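Have a look at the structure below before the remarks.
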Amino acid sequence: MEAIHMSLGVVVTLVVVALLFDFMNGFHDAANSIATIVSTRVLKPHHAVIWAASFNFLAYFLFHLKVAATIGKGTIDPSIVDHYVIFGALVGAIAWNIITWYYGIPSSSSHALVGGLVGAAVAKAGFGSLIASGVLKIIAFIFVAPLLGFLIGGLLMVGVSWLCRNMAPRKVDKHFRRFQLLSAAAYSLGHGGNDAQKTVGIIWLILIAAGMSTTESEIPGWVVFACYTAMGLGTMFGGWRIVKTMGNRITKLNQARGFCANSGGAVTLFLASAFGIPVSTTHTITGAIAGVGTTRGTRHVRWGVAGGIVWAWILTIPCSALMAAMAWYVGRLIL
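Below, the structure is given as structure tokens:
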């Protein structure tokens, strides 16, 4: 990848916009980490976001940067990346996040970013600029991640129900209030470990395009630290419009069900991050909550609400891609 001429001011501006996206990612997706512990009243909302944000940041010390490498080198051809492509991708993703946050739609910040990269790359260099294997893998996990969450969450709920079959409900709730804190912490670790790395990959692309790094060199430590910090701060401010949808509109949760939903989501995120696959934390926890709900019978899941969320999943990549393509044209005029 040949370096292009990019002034320091442009590099700084793009890095700031990328960190703004990372902050919004945490803000938009905070509900995924805290919805179950808030809706089951294990923690008050302001305590819950601090809990989640702390473990978002702790992921900095625990996860390898495989997801960042996928975003940085495995989605679009790095040779076509310039400041206009990055600007278009980030603006498209941020715009879609703002729209879905405003209307309380639990869409995927991850797929908004992927859609932004795809739209800006296609606007500049056509469909040949896409790395098909990487894009198709991400699209496949639109369905695989919630299905895994659904299966793992449901199986955990069946196991918990069997183990606790002779216990009084009040005693079960007492134990699982503590367990739910641990499962929410694990989910927040997975959230930070997968989502923050996507912005790490974007900033790495900026540095490569500007000749400040290469695809063979290690990602600078300050980039990783800044991204995890921005996501943690975003989570602390929280996406309150989405908490209600994720917490109780899909299915009614108690402490044990909340534990199983978070645990199922966390296991899925850990697996995806280990294989370097950028997945949607929103899709994952939605599938896990629905899986837990179905153990009581399908009538206990509001499939209409879940169906509306699925439509948001389907529309995220094309809509953010379209917005990114328009932002790419605007970027060429103002940068």
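Residue 506 in our numbering sits at position 217 of the sequence shown; the count goes up by one each step and never skips.
Where a beta carbon is used, it is the ideal one built from N, C-alpha and C, also for glycine.
Computed from a predicted model, the values in this text were never measured in an experiment.
Outcome for residue i when other beta-carbon atoms lying within 10 angstroms are tallied against a minimum of 16
{"i": "THR359", "result": "buried"}
{"i": "ALA307", "result": "buried"}
{"i": "ASN386", "result": "buried"}
{"i": "LEU400", "result": "It is worth fixing the name first, because residue 400 is His in this sequence and not Leu. Buried, because 16 or more other Cβ atoms sit within 10 Å of the Cβ of HIS400."}
{"i": "VAL305", "result": "exposed"}
{"i": "LEU297", "result": "exposed"}
{"i": "LEU452", "result": "exposed"}
{"i": "ILE326", "result": "buried"}
{"i": "ALA342", "result": "buried"}
{"i": "GLY536", "result": "Note that GLY536 scores 48 on pLDDT, short of 50, meaning its location in the model is unreliable; the coordinates nonetheless yield the value given after this. It counts as buried."}
{"i": "ILE566", "result": "buried"}
{"i": "HIS480", "result": "buried"}
{"i": "SER506", "result": "exposed"}
{"i": "ALA457", "result": "exposed"}
{"i": "VAL619", "result": "exposed"}
{"i": "HIS353", "result": "exposed"}
{"i": "PHE432", "result": "exposed"}
{"i": "ILE428", "result": "exposed"}
Distance between residue j and residue i (C-alpha atoms, nearest Å)
{"i": "PHE316", "j": "THR524", "result": "5 Å"}
{"i": "ILE508", "j": "LYS362", "result": "12 Å"}
{"i": "TRP511", "j": "GLY500", "result": "17 Å"}
{"i": "LYS426", "j": "LEU470", "result": "32 Å"}
{"i": "TRP493", "j": "GLY580", "result": "37 Å"}
{"i": "THR441", "j": "ALA555", "result": "The sequence shown places Ile at residue 441, not Thr. Using only the alpha carbons, I get a separation of about 10 Å."}
{"i": "THR504", "j": "GLY490", "result": "11 Å"}
{"i": "VAL599", "j": "LEU522", "result": "28 Å"}
{"i": "ASP311", "j": "LEU379", "result": "10 Å"}
{"i": "PHE514", "j": "SER562", "result": "18 Å"}
{"i": "ASN455", "j": "TRP340", "result": "32 Å"}
{"i": "THR605", "j": "MET295", "result": "30 Å"}
{"i": "GLY415", "j": "ALA409", "result": "9 Å"}
{"i": "VAL356", "j": "VAL447", "result": "32 Å"}
{"i": "ALA614", "j": "VAL301", "result": "22 Å"}
{"i": "THR624", "j": "ILE420", "result": "Per the sequence shown, the amino acid found at residue 624 is Leu instead of Thr. Going by the C-alpha atoms only, they are around 26 Å apart."}
{"i": "LEU478", "j": "ARG621", "result": "38 Å"}
{"i": "GLY586", "j": "LEU445", "result": "15 Å"}
{"i": "PHE468", "j": "LYS413", "result": "50 Å"}
{"i": "VAL407", "j": "ALA616", "result": "12 Å"}
{"i": "MET612", "j": "GLY377", "result": "8 Å"}
{"i": "TYR391", "j": "PRO607", "result": "19 Å"}
{"i": "ASP462", "j": "ASP371", "result": "54 Å"}
{"i": "ARG330", "j": "ILE323", "result": "10 Å"}
{"i": "THR389", "j": "GLY381", "result": "13 Å"}
{"i": "PHE346", "j": "SER502", "result": "24 Å"}
Member of the options whose CA lies at the smallest distance from the CA of residue i
{"i": "ASN314", "options": "LEU611, THR571, TRP600", "result": "THR571"}
{"i": "SER569", "options": "HIS335, ALA421, LEU436", "result": "LEU436"}
{"i": "SER368", "options": "ALA498, ALA474, PHE416, PHE376", "result": "ALA498"}
{"i": "SER397", "options": "GLY482, VAL590, ILE574", "result": "ILE574"}
{"i": "ASN543", "options": "VAL449, LEU624, VAL619", "result": "VAL449"}
{"i": "GLY482", "options": "PHE350, VAL301, GLY620", "result": "PHE350"}
{"i": "GLY283", "options": "ALA474, HIS464, ALA421, ALA601", "result": "Nothing can be reported for residue 283, as the shown portion of the chain is limited to 290 through 624."}
{"i": "ARG466", "options": "HIS353, LYS333, PHE526, ARG588", "result": "LYS333"}
{"i": "VAL411", "options": "PHE468, ILE375, LEU624", "result": "ILE375"}
{"i": "TRP602", "options": "ALA434, GLY620, TRP617", "result": "ALA434"}
{"i": "SER328", "options": "ALA550, TYR618, TRP617", "result": "ALA550"}
{"i": "GLY393", "options": "ARG459, ASP318, VAL461, ASP462", "result": "ASP318"}
Distance cut-off 7 Å: residue i Cβ against heavy atoms of the ligand MN
{"i": "ASP366", "result": "Absent from the structure shown: the ligand MN. Ligands present: none."}
Integer-rounded CB distance, given that residue j should sit under 8 Å from residue i
{"i": "THR584", "j": "GLY443", "result": "6 Å"}
{"i": "SER418", "j": "ILE365", "result": "6 Å"}
{"i": "PHE430", "j": "GLY576", "result": "In fact, because the Cβ distance is near 11 Å, the residues do not count as touching under 8 Å."}
{"i": "TYR517", "j": "ALA337", "result": "Not really, about 19 Å apart at Cβ, beyond 8 Å."}
{"i": "ALA610", "j": "GLY423", "result": "Not a contact, Cβ separation roughly 15 Å."}
{"i": "MET520", "j": "ALA545", "result": "The pair is not a contact, with the Cβ atoms about 29 Å apart (cut-off 8 Å)."}
{"i": "LYS487", "j": "LEU402", "result": "5 Å"}
{"i": "SER472", "j": "PHE526", "result": "23 Å between Cβ atoms; not a contact."}
{"i": "LEU303", "j": "ILE578", "result": "Not confirmed; about 36 Å, so no contact."}
Proximity test, Cβ basis, 8 Å: residue i and chain B
{"i": "GLY315", "result": "The chain inventory of the structure shown lacks chain B, comprising one protein chain alone."}
Complete runs of the alpha helix (DSSP H) confined to the stretch 392–477 [at least 4 residues] = 398–414, 421–452
Can you list the alpha helix (DSSP H) stretches of 4 or more residues lying completely in the stretch 323–366, in chain order?
-> Listed in chain order, they are 334–347, 355–362.
Let me know the beta strand (DSSP E) ranges lying completely inside the stretch 476–504, each 3 residues or longer, listed in chain order.
-> none
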